[in-house]
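Numbering (UniProt numbering), first residue to last: 1 to 456.
Glycine is no exception: its CB is placed at the ideal position from the N, C-alpha and C atoms.
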Amino acid sequence: MTTNDDSMNDGSSSDNSALPPQFKPSSTPSSSTRRSGADPVRRTSAVHRKSPASQAFSAPETGTDHKDSPLPPSFSPASEQKSSNRSAAGRSTRSSHTRIVSAPNFSSPANPSPTRSFARKSLPSLPAAPSPSSPYEQSKKRKPRKIILKVIAALLALILIYLAWVWIFVSSNLVHKNYLSSAADTSGNTWLILGSDARDGTTGGTADQVPGFRTDTIMVLTKPSSGPASLISIPRDSYVQVAGKDSKINAVAELYGYTALVQTVEGITGQKIDHVVSVGFGGLQTIVDALGGVNLCYDRTVDDSKSGLKWTAGCRAADGQTALAMSRMRYSDPEGDFGRTKRQRMTISAIMKKTASPAVLLNPFRLHKVMKAGLSALTVDQKTSTGDLISLALAFKSATGDKGVTGTVYYSSQDYRPTSGIGSCVLLNTNANHSLFSKLAQGSQPAGTVGGYLAS
């Protein structure tokens, strides 16, 4: 007759034979183990308490009965003990309120199968998060920026100091005289530029060497609020009347004073003169030499004994003496005084351009020399300031550029001879000139060359 243990063993054997090979028990428990039902559980649990991985997969020691929830195959007990060999003590333990479930055996067999291996696959390593820069590294990154800012601040301070020095030097050396009239204001901003020199009949003469003077250069610079700037010359032999007497315009300043000359020009243009700048042509030579020469162009070969000009046709650098002679010569020019006004505008424009060049402005020693020479030959009206001179230079540059207006006043005769016996004069067209300067002051005159002969 078969005992209960035998029947249990037979059933257990049939259960084990149905398992796949990889899930069969790896070892056969001894008889001593069969007689003690609770010992395998304790021993197995003790083994797995040594491994954190086994603890993670072990069944809870306390809780509800799990007999209705079979473990998956991968979690089947590693021990080969059969349910028929379990002792009555083991069965009584299972029937108690607290049920102890044997933990799987994670001990590696001699030849572990791939299915039995519980080693976790290594995950791909993630890129390490960038650690925040230390304060020391951040300060190192900020240092170049701080150095650049300090250098920029130092340069700006030097520029401001340099400009302040130029401003103070010019302001303290400007010579002011009462030149302006009391005429009503008109639109635009108008400068009267005068060049005082000796008569052409003196060989190489200057205003300092010959008694008396003549304002042989007379130009009107107009800067409207909008529109092109203009630079218009008035011929030195233009016929005018001052205090009811006939005169040539170049003699008015010497005979009647500079204010009378300003009023005369206002009568020709119909516009108020806002500023007056007078340059002694004796100082023009010094200015050009301080600049190191200027570039001049003239398309005729000249050997003029009256002005002292010796020139080969073309363009070249001219020193102070040559530049002065170029501005004074007229008898060897087929255009006469009108040709001379063109060369005067060219010479003054070349001086302005050279003065505004970086080679001069960025060299304090050279600029000081130029300013000293220029201010010694310069006289302005009672209202003109250093800022006004800067505005004049900018307007002059604009007027002599491609977008400016240049030329002479309109005239109706180049050989007008009044009965007063003052000689050959240029008879101006007053109506045409008033219309011209009105357009120039309003900025409505197109860029280009204007003036010349126009019958009354």
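#### Entry: With 16 other Cβ atoms within 10 Å as the buried cut-off, status of A318
Position 318 of the sequence shown holds residue 318. Counting Cβ neighbours within 10 Å, A318 comes out buried, since at least 16 surround it.
### Task
Return the CA-CA distance between T217 and T386, expressed in angstroms with no decimal places.
Working through the sequence shown from its first residue, we reach residue 217 at position 217. Working through the sequence shown from its first residue, we reach residue 386 at position 386. Cα to Cα, the separation comes out at about 23 Å.
### Message
So for L221, helix, strand or coil by DSSP?
### Response
Locating residue 221 in the sequence shown gives position 221, where the first residue counts as 1. Residue state, collapsed to three classes: strand.
### Query
What residues in its chain sit with their C-beta under 7 Å from that of V370, if we drop five residues either side in the sequence?
By one-based count along the sequence shown, residue 370 stands at place 370. So the list reads I287, A290, L291, T355, V360, once near-sequence residues are dropped.
### For T286, three-class secondary structure by DSSP
Within the sequence shown, the letter at position 286 stands for residue 286. DSSP places T286 in helix when its eight states are reduced to three.
### Query
Run through DSSP, which three-state label would Q241 get?
Along the sequence shown, one-based indexing puts residue 241 at 241. Three-state result, Q241: strand.
### Message
What would DSSP say about N189, mapped onto helix, strand or coil?
### Response
Residue numbering aside, residue 189 sits at position 189 when the sequence shown is read from its first letter. Residue state, collapsed to three classes: strand.
### Message
Give me, in chain order, the residues of the same chain whose beta-carbon lies closer than 7 Å to that of T449; leave out the 5 immediate sequence neighbours on both sides.
### Response
Here residue 449 is taken as the residue at index 449 of the sequence shown, counted from 1. Counting only Cβ-Cβ distances below 7 Å, and skipping sequence neighbours, we find T406, G407.
### Message
Residues in the same chain with beta-carbon distance under 6 Å from T312, minus the five sequence neighbours each way, listed in chain order, please.
### Response
Here residue 312 refers to the residue found at position 312 when the sequence shown is read from its first residue. These residues qualify, in order along the chain: T301.
### Query
Quick one: Cα of L192 to Cα of M219, how far?
Reading the sequence shown from its first residue, position 192 is the one you call residue 192. Reading the sequence shown from its first residue, position 219 is the one you call residue 219. Going by the C-alpha atoms only, they are around 6 Å apart.
### Distance between D337 and S391 (C-alpha atoms, nearest Å)
As a working mapping, residue 391 is identified with position 391 in the sequence shown. As a working mapping, residue 337 is identified with position 337 in the sequence shown. Taking the straight line from one Cα to the other gives about 29 Å.
### Task
My understanding is that residue 462 touches A373, with C-beta atoms under 8 Å, so please give their C-beta distance in whole angstroms.
Since the first residue shown for the chain is 1 and the last is 456, residue 462 is missing from the structure and cannot be characterised.
### residue 462 vs Y162 beta-carbon contact at 7 Å
For the chain, the structure presents residues 1 to 456; residue 462 sits outside this window and is missing.
### Beta-carbon contacts of A395 that lie in its chain and below 7 Å, excluding the five residues immediately before and after
Against the sequence shown, residue 395 aligns to sequence position 395. Taken in chain order, the residues that qualify are L221, K223, A229.
#### Entry: beta strand (DSSP E) segment containing L309, residue limits
Stepping through the sequence shown from its first residue, residue 309 is reached at position 309. Note, L309: beta strand (DSSP E), 309–311.
### Query
Where does D381 fall in DSSP's three states?
Position 381 of the sequence shown, counted from the start, is the residue given in the question as residue 381. Residue state, collapsed to three classes: strand.
### Query
I think L156 touches V262, with their Cβ atoms under 8 Å apart; what is that distance to the nearest whole Å?
Start at 1 with the first residue of the sequence shown, and residue 156 comes out as number 156. Start at 1 with the first residue of the sequence shown, and residue 262 comes out as number 262. Actually they are not in contact, since the Cβ atoms of L156 and V262 sit about 41 Å apart, beyond 8 Å.
### Task
Name the one or two DSSP bridge partners that T215 has.
Here residue 215 refers to the residue found at position 215 of the sequence shown. For T215, which the question treats as bridged, DSSP gives the partners S196.
### Query
According to DSSP, what are the bridge partners of N295?
Here residue 295 refers to the residue found at position 295 when the sequence shown is read from its first residue. DSSP lists A317 as partners of N295.
### Task
For T419, write down the residues that DSSP places opposite it in a beta bridge.
As a working mapping, residue 419 is identified with position 419 in the sequence shown. For T419, which the question treats as bridged, DSSP gives no partner whatsoever.
#### Entry: Extent of the continuous alpha helix (DSSP H) run through G339
To locate residue 339, count along the sequence shown from 1; it is residue 339. Segment 337–355, the alpha helix (DSSP H) holding G339.
### Message
Run through the DSSP bridge pairs and tell me what T408 is partnered with.
### Response
The residue you call residue 408 lines up with position 408 of the sequence shown. Beta-bridge pairing links T408 to S233.
### Query
Residues in its own chain within less than 6 Å of G227 by CB, not counting five upstream and five downstream?
On the sequence shown, residue 227 is found 227 positions in, with the first residue counted as 1. G443, listed in sequence order.
### Task
Could you pull the start and end residues of the alpha helix (DSSP H) that residue 501 belongs to?
The question about residue 501 has no answer, for the chain in this structure spans 1 to 456.
### Task
Run the CB neighbour count on A207, radius 10 Å, all protein chains shown included, and call it buried at 16 or more, exposed below.
Residue numbering aside, residue 207 sits at position 207 when the sequence shown is read from its first letter. In this prediction, A207 has a pLDDT of 39, which is less than 50 and means its spatial position is unreliable; nothing more can be read from the coordinates.
### Query
Any contact of the stretch 293–307 with the stretch 318–334, i.e. 3+ C-beta pairs under 8 Å?
yes
### Task
Assign S233 to buried or exposed, taking buried as 16 or more other Cβ atoms, counted over all protein chains shown, within 10 Å of its Cβ.
Locating residue 233 in the sequence shown gives position 233, where the first residue counts as 1. When all chains shown are included, S233 counts as buried.
### Query
Is it right to say H275 is buried, meaning 16 or more other beta carbons lie within 10 angstroms of its own, or is it exposed?
Taking the sequence shown and counting its residues from 1, one reaches residue 275 at position 275. Burial call: buried.
### Query
Looking at Q271 and A441, is the spacing between their C-beta atoms short of 7 Å?
The residue labelled residue 441 in the question sits at position 441 within the sequence shown. The residue labelled residue 271 in the question sits at position 271 within the sequence shown. In contact: A441 and Q271 (Cβ atoms closer than 7 Å).
### Task
Give me the Cα-Cα distance between residue 463 and I273, rounded to the nearest whole angstrom.
The structure shown has nothing for residue 463, since the chain only spans 1 to 456.
### Task
To the nearest angstrom, report how far apart G244 and K397 are at their CA atoms.
Numbered from 1 along the sequence shown, position 244 holds the residue referred to as residue 244. Numbered from 1 along the sequence shown, position 397 holds the residue referred to as residue 397. For G244 and K397, the distance between alpha carbons rounds to 38 Å.
### Query
Under three-state DSSP, which class holds T449?
Mapped onto the sequence shown, residue 449 falls at position 449. T449: strand per DSSP, three-state reduction.
### Task
Kindly list the residues whose CB is nearer than 6 Å to the CB of D303, restricted to its own chain and excluding five residues on each side of it in sequence; keep chain order.
As a first step, residue 303 must be located in the sequence shown, where it is residue number 303. Here the set comprises K310.
#### Entry: Given S412 as reference, the closest of L427, T400, G308, S438 once Cα atoms are compared
Locating residue 412 in the sequence shown gives position 412, where the first residue counts as 1. Per the Cα distances, L427.
### Message
Let's test the definition: count the other Cβ atoms within 10 Å of the Cβ of K403 and tell me whether it reaches 16, buried, or not, exposed.
### Response
Position 403 of the sequence shown, counted from the first residue, corresponds to residue 403. By the neighbour-count rule (16 or more Cβ atoms within 10 Å), K403 is not buried but exposed.
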